Amino acid sequence: MVKSSKIFIVLLILSIALLTFLGSNSYKQIREQEKTAELVVFTLRVETEINTLFSRYAMMQSQVLKNKLQDKVNHTIILNRQKDSALTTFNNLKFLTQDKPNQQKNYKNYVPYKNLFMRH
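Each residue of the sequence shown is one higher than the last, beginning at 2 in my numbering.
Shown next as structure tokens:
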């Protein structure tokens, strides 16, 4: 009887150790998945801002905007709104990439275009 209780105690200790090990590995996997999810969210935010910038560019090239700009009364208001929204998108991209040197390098390549656009 003493032997069987010792075996149960040893098995209990082993099972607790195994559960602790499995719990630790599960926790590590969850943390890694959280990091991966954060990177995906960040990438999607940057991609969204880039797509917004391209859509602003397409809008500025569109005939619809050109027709609206023909209106002398609202010309300045419409143009300033377009500039403001593009500037907001540039600023969002700058903010999103501030911790990423490679992306900041890419962003800086587009700053002259932003400055050129903002002058007009």
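Ideal placement from N, C-alpha and C gives every residue a C-beta, glycine not left out. The structure displayed is predicted, hence computed values, not measured ones.
Test item: CB-CB of residue i and residue j under 9 Å
i   : j    : result
I98 : V47  : At residue 98 the sequence reads Thr, which differs from the Ile that was named. Result yes, Cβ atoms of T98 and V47 sit closer than 9 Å.
N93 : E39  : no
F96 : Y111 : no
M60 : Q83  : yes
N75 : K67  : no
Assigned secondary structure, residue i (DSSP; H/G/I helix, E/B strand, else coil)
i    : result
S86  : helix
V41  : helix
K69  : helix
Q104 : helix
Q34  : helix
T98  : coil
S63  : coil
V74  : coil
Neighbourhood of residue i by C-beta, 6 Å cutoff - its chain only, sequence neighbours within 5 removed
i    : result
A87  : R57
S63  : none
L54  : T90
Q104 : T98
Same chain, Cβ closer than 7 Å to residue i, five either side skipped, listed in chain order
i   : result
T77 : none
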